[in-house]
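Mapped onto the working numbering, the consecutive letters of the sequence shown carry residue numbers 53 to 161.
These notes are about the structure you will find just below.
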Amino acid sequence: MTRIVVLLQENKTPDYYFPTLAAWGAEIENRGHLRSAPPMPDPKHDRNAWVHFKMGDYTAATVQIDNDIVIPYYSWLAKQFTFCDHHFGLGTNSTSGHMLVIGGQTPTL
């Protein structure tokens with residue numbers, strides 16, 4: 053082995069980005085019709101939006117994109133190599149999640 057490539061996905065679930073991987077054994081929730089383009093506009097991803105979601109002010113989007121059409125290169129990578137989901141961040145900003153991916157630990161932030 054000469055290279056290891058890690059792609060880090062933020063703010064979207066595997067259910068949203070990779071629904072067609074269910075055929076390869078990934079635990080993907082089937083949400084019905086696959087979109088051939090990402091929904092517009094993109095919702096806010098800041099802490100305030102998360103707080104309002106948790107308070108029940110609005111619901112999460114339950115759409116899925118067709119990864120073979122919208123993100124074909126990522127789809128090919130996921131099908132040809134290892135696809136790991138069920139990895140979760142700390143519910144804070146991106147820094148802690150990136151430190152966990154690279155170093156396996158994070159100091160108190």
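Heads up, the beta-carbon is just placed ideally off N, CA and C, and yes, glycines get one too.
Give the DSSP-derived three-state secondary structure of Ile117 in the structure shown. Numbered from 1 along the sequence shown, position 65 holds the residue referred to as residue 117. Strand, per DSSP.
Whose CA, out of Val115, Phe133 and Val153, lies closest to the CA of Ser88? Reading the sequence shown from its first residue, position 36 is the one you call residue 88. Among Val115, Phe133 and Val153, the Cα nearest to that of Ser88 belongs to Val115.
Can you tell me which residues form a DSSP beta bridge with Arg87? On the sequence shown, position 35 is the one that residue 87 refers to. Arg87 is bridged to Ile117.
Measuring alpha carbon to alpha carbon, tell me which of Phe135, Gly149 and Thr144 ends up nearest Gly77. As a first step, residue 77 is located in the sequence shown; it is residue number 25 there, counting from the start. Of the candidates Phe135, Gly149 and Thr144, the one whose C-alpha sits nearest the C-alpha of Gly77 is Phe135.
Would you kindly work out how many angstroms separate the C-alpha atoms of Asn100 and Ser148, rounded to a whole number? Within the sequence shown, numbered from 1, the residue matching residue 100 stands at position 48. Within the sequence shown, numbered from 1, the residue matching residue 148 stands at position 96. Answer to the nearest angstrom: the Cα atoms are 18 Å apart.
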